[in-house]
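Here the sequence shown is numbered in the numbering used here, starting from 1046 and rising by one per residue. Everything below concerns the one structure shown next.
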Amino acid sequence: MINIIWAALLIIGFVVGAATGNLDAVTDAAIENAETGVSIALGLIGIMTLWLGIMKIAEDAGIVQKLANLIKPITTRLFPDVPADHPAIGAVIMNLAANILGLGNAATPLGLKAMQELQKINKKKDTATDAMVMFLAINTSSVTLIPASTIGILSAAGATNPTDIIGPTIIATTVSTVVAVIATKIMQKLPRYQIEYEKIKNE
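This is how it looks when you write it as structure tokens:
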């Protein structure tokens, strides 16, 4: 769908440019913005490499497992149906850590890994479990404390104070995450979904 939207925007732009006699301006703008895109992408390489390297070191050093033990009370409440020592918890923590650091590209494969692990303990494979729904809700709320990628983009774009985004980000992510968790917990307690969940547990 997104490809169709982008294609439509490009076609409309060229058609309007041709109709108004500004086709040269449209072409020049496309070239200039393509150059800007490359510059921003190159500016992100250093930041992404740094944080991905740190996360890999943390994983190999066992820091992830220690972090899992540290926040065990939180994960136990958020994901009560997942054993505390299950690999799914480690994958979830890694995903949340990547999101907290604002590394969306790194968080995506970790999120897929977490879902794969959660699916392994899913008794009804064609129905999402409460843990899956909670994990998806938290990810959708965009929990981020250090928006590294955004800071990198702002810096590459020439922003004077790219770190000014941190304060508003913390406020926004706190509100959105709290709302997401509360909404998910409320939905899980509704009779309709409780009936479905009991059926799955008994099968």
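Glycine residues also receive a C-beta, built at the ideal position from the N, C-alpha and C atoms.
The C-beta distance from threonine 1189 to isoleucine 1145 rounds to 6 Å, short enough to fall under 8 Å. For threonine 1222, the uninterrupted alpha helix (DSSP H) run begins and ends at 1211-1234, by DSSP. The segment 1194-1206 and the segment 1158-1169 do not touch, with fewer than three beta-carbon pairs separated by less than 8 Å. The way I'd put it, the segment 1217-1227 does touch the segment 1169-1189; three or more beta-carbon pairs between them come closer than 8 Å. The three-state reading of DSSP puts leucine 1157 in helix, counting H, G and I together.
Take leucine 1163, set aside five residues on each side of it, and the residues of its chain with a beta-carbon closer than 6 Å to its own are Ala1133, Ala1176 and Met1177, in chain order. Shown here, aspartate 1105 sits in a helix according to DSSP, grouped into three states.
Counting along the chain, threonine 1121 sits inside the alpha helix (DSSP H) bounded by residues 1117-1123.
With 16 or more other Cβ atoms from the protein chains shown falling within 10 Å of its own Cβ, asparagine 1140 counts as buried. Your pair serine 1084 and alanine 1201 checks out as a contact, with CB atoms roughly 6 Å apart and the cut at 8 Å. Burial state of isoleucine 1057 is exposed, judged by a 10 Å Cβ sphere holding fewer than 16 other Cβ atoms. If you draw a straight line from the Cα of isoleucine 1198 to the Cα of asparagine 1078, it is about 14 Å long. Collapsing the DSSP output to three states places alanine 1086 in a helix. As the crow flies, the alpha-carbon of valine 1226 is around 11 Å from that of phenylalanine 1124. In this structure, threonine 1229 places its C-beta atom within 8 Å of the C-beta atom of methionine 1179.
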